[in-house]
Amino acid sequence: MNEQSLKQNFAYDRLIHLWRTFCELHTLLYDLTCEEYANLLASDFDALEQTVKHKEQLLIQIGNIEEERKLFIAEINQERIFENEILNIHDLIECLKQFELEKSGQHLSKFNLLLVDIIERIQAQNKKNQIFLNRAMQNLKDIKNTFSGKKNYQTYTAHGTTK
């Protein structure tokens, strides 16, 4: 095995490790996002505050891994470890497609698909959390208006939203 092949093997293994770490951290983030929703439903604001703090810490960790990934990709490009320059994730997966076929694993591609799935789940759960918060804010506004003696008449637009 020549020096270039060794560098490619090392780079591939390092990238798999980074993607595995991304998947693990994003899974934890998804769990915290679901826990956040449960705390909202239970109106447990102390637990909600703790969950939000954990999410913030986890997002910092994810950001650090993202920076590590960017630096490593820049290093790969600078040392010309692979034939083509890597500008984005698609380039990386395309660049490593033949390499993965030779290793019979396709680990990076599978980890990337898993990561995309987890991120989509996080986005969907965040949307549920936001809808819950929007409804809660509207209910609080209605209660406030009721106590202040204001009449609460709502009209709806053609899209079904209130004015």
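Throughout the sequence shown, residue numbering follows the numbering used here, covering 328 to 490 in sequence.
Ideal Cβ placement from N, Cα and C applies to all residues, glycine included.
Terminal residues of the alpha helix (DSSP H) in which residue i lies
i	result
Q452	H434 to F474
Which of helix, strand or coil DSSP assigns to residue i
i	result
N391	helix
L359	helix
N329	coil
E406	helix
T378	helix
N415	coil
D371	coil
T354	helix
T348	helix
Environment of residue i [buried if 16+ CB atoms lie within 10 Å]
i	result
I403	buried
F409	buried
I470	exposed
F438	buried
T378	buried
H353	buried
Q331	exposed
Q287	Outside the displayed span of the chain (328 to 490) sits residue 287, for which this structure offers no information.
Q335	buried
Cβ pair residue i, residue j closer than 8 Å
i	j	result
L356	F459	no
L345	R396	yes
Y339	L423	yes
L375	E363	yes
F349	I387	no
C361	Q452	yes
E447	L435	no
L359	H381	yes
The ligand ZN heavy atom lying under 7 Å from the CB of residue i
i	result
E406	Among the components of this structure there are no ligands whatsoever, and the ligand ZN is therefore not found.
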